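Trainee: This is the structure I want to talk about, given as structure tokens.
In the working numbering, the protein residues as written are 3 to 432.
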């Protein structure tokens, strides 16, 4: 970190090199001071929409609109963060709602998109960088290379990543930050954890286990299984290989983006390892890689790996980051910031935890409780096939328990029980 006073600008953009990021150090004592100075300059600028580009290292999507407005409307430079926020919310072009612009005394964070991919940019001062390295260390990491690291001691991730199962039989955990995208929802990515294995044994583990899988709730044809990147890596590992480096090099030449976009990729590589490579190549031969495999970066250390495949002529590189708990213990702030980077767009605010997915049994029980609300103490008629029922009647069934008659259809009644609705006979001759 620079010792001279200044602030940081980071542009998270898929168009910006191997790490999809642009970092600049700005000569200003605060974010407010930088914007105030630029707004004064904008009034005299011939091209207010782009005059900032030299300082920020190039174009930033939508950013010039605020300076265009300053010149067009003769806006006064702000003297407080509240005044700056008011100007930005009115004149800064951002795709998305008000929650996509977040500002305080020490930072400005913006999420937008250019109709192709999502983009984010951040201004923050040295106080943020100094006090919250576990949030911004990866943002300020400019070299497409990870440091070596190996340390004892526990590493506690900033949140519980989704587990990639089955777990290994060894110690530790390998974390994967998959900064990949296959549609317009390109930020943040995905962070997962592979328990019971560290990076030196990852190749062997991936060959040995079979990915867990189950049908998606919305389609029996699509599977809920491992991330496609890990299934491809598994498929490219040859028998007996110890390092994942050769497999990553093969991944760089595979048209993964095209396969994911145009096929049901969830069916690939979910069975025995010996068939996985053939499954991927059988589908992949129909597509041409839009990127350049010679531009890929493959760095594999003892406990951390960085893979930056060049996947698209338009969008450039993506990133797969793999590290285990021993590397994370040596670099806890960097590791935590990587996981956050793959988990949410705003490095300074963690996303709300997802609401737990309600199972079918839970949905049925909730519907039953709502239907019988206030009637649990009422007497219910014992169910018999010869009895007659009407909508709204309470029924007591020897097997299914208490239920509510919702519908009568001739000799059938639909009864809502705790485990769901059932059709039962009624009004049958005695």
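Using N, Cα and C, we set each Cβ at its ideal position, and we do this for glycine too.
This one's a predicted model, so the numbers in the text were calculated from it and none came from an experiment.
1) For residue 390, does the three-state DSSP call read helix, strand or coil?
2) Quick check: the Cα distance between residue 124 and residue 141, rounded to an integer number of angstroms?
3) What span of residues does the alpha helix (DSSP H) with residue 41 cover, start to end?
4) I think residue 14 touches residue 26, with their Cβ atoms under 8 Å apart; what is that distance to the nearest whole Å?
5) Would you list the one or two residues that DSSP bridges to residue 414?
6) Could you tell me if residue 37 is buried or exposed, where buried requires 16 or more neighbouring beta carbons within 10 angstroms of its beta carbon?
7) For residue 276, is the classification buried or exposed, using 16 other Cβ atoms within 10 angstroms of its Cβ as the cut-off for buried?
8) Looking at the structure shown, is residue 286 part of a helix, part of a strand, or coil, going by DSSP?
9) What span of residues does the beta strand (DSSP E) with residue 194 cover, start to end?
10) Using 8 Å for Cβ pairs, my map puts residue 430 next to residue 387. What's the rounded Cβ distance?
11) Got a sec? Which residues, its chain only, sit under 6 Å from residue 408 by beta carbon, not counting five neighbours each side?
12) Can you tell me where the beta strand (DSSP E) with residue 92 in it begins and where it stops?
13) Tell me, please, whether the region 74-88 touches the region 104-112 by the rule of three or more beta-carbon pairs shorter than 8 Å.
14) For a test of the three-state rule: what should DSSP assign to residue 23, helix, strand or coil?
15) On the three-state DSSP scale, how would you describe residue 101?
16) Does the pairing of the region 418-428 with the region 359-369 give three or more beta-carbon distances under 8 Å?
17) Using the beta-carbon count (16 or more within 10 Å), is residue 76 buried or exposed?
18) Within the continuous alpha helix (DSSP H) that includes residue 264, where are the two ends?
19) Compute the Euclidean distance between the alpha carbons of residue 132 and residue 336, then round it to the nearest angstrom.
20) If we call anything under 8 Å between Cβ atoms a contact, is residue 163 one with residue 193?
21) Using 10 angstroms around the beta-carbon of residue 99, count the other beta-carbons present and answer buried if the total reaches 16, otherwise exposed.
22) The alpha helix (DSSP H) that contains residue 343, what's its start and end?
23) Give the straight-line distance between the Cα atoms of residue 345 and residue 236, rounded to the nearest whole angstrom.
24) Take residue 174 as the anchor and find which of 327, 7 and 393 has the nearest alpha-carbon.
25) Since residue 301 and residue 148 should fall inside the 8 Å C-beta cutoff, what is the C-beta to C-beta distance between them, to a whole number of angstroms?
26) Determine the direct distance from the alpha carbon of residue 404 to that of residue 139, and round the result to whole angstroms.
27) Counting beta carbon pairs with one atom in the region 276-292 and one in the region 227-241, are three or more of them shorter than 8 Å?
28) With DSSP run on the structure shown, which of helix, strand or coil describes residue 145?
Mentor: Checking against the coordinates, here is how it stands:
1) coil
2) 9 Å
3) 33-44
4) That belief does not hold up - the Cβ atoms of residue 14 and residue 26 are roughly 13 Å apart, past 8 Å.
5) 411 and 427
6) buried
7) exposed
8) helix
9) 192-197
10) 5 Å
11) 416 and 418
12) Element bounds for residue 92: not the beta strand (DSSP E) but the alpha helix (DSSP H), 83-93.
13) yes
14) strand
15) helix
16) yes
17) exposed
18) 258-264
19) 13 Å
20) yes
21) exposed
22) 334-343
23) 23 Å
24) 327
25) 6 Å
26) 58 Å
27) yes
28) coil
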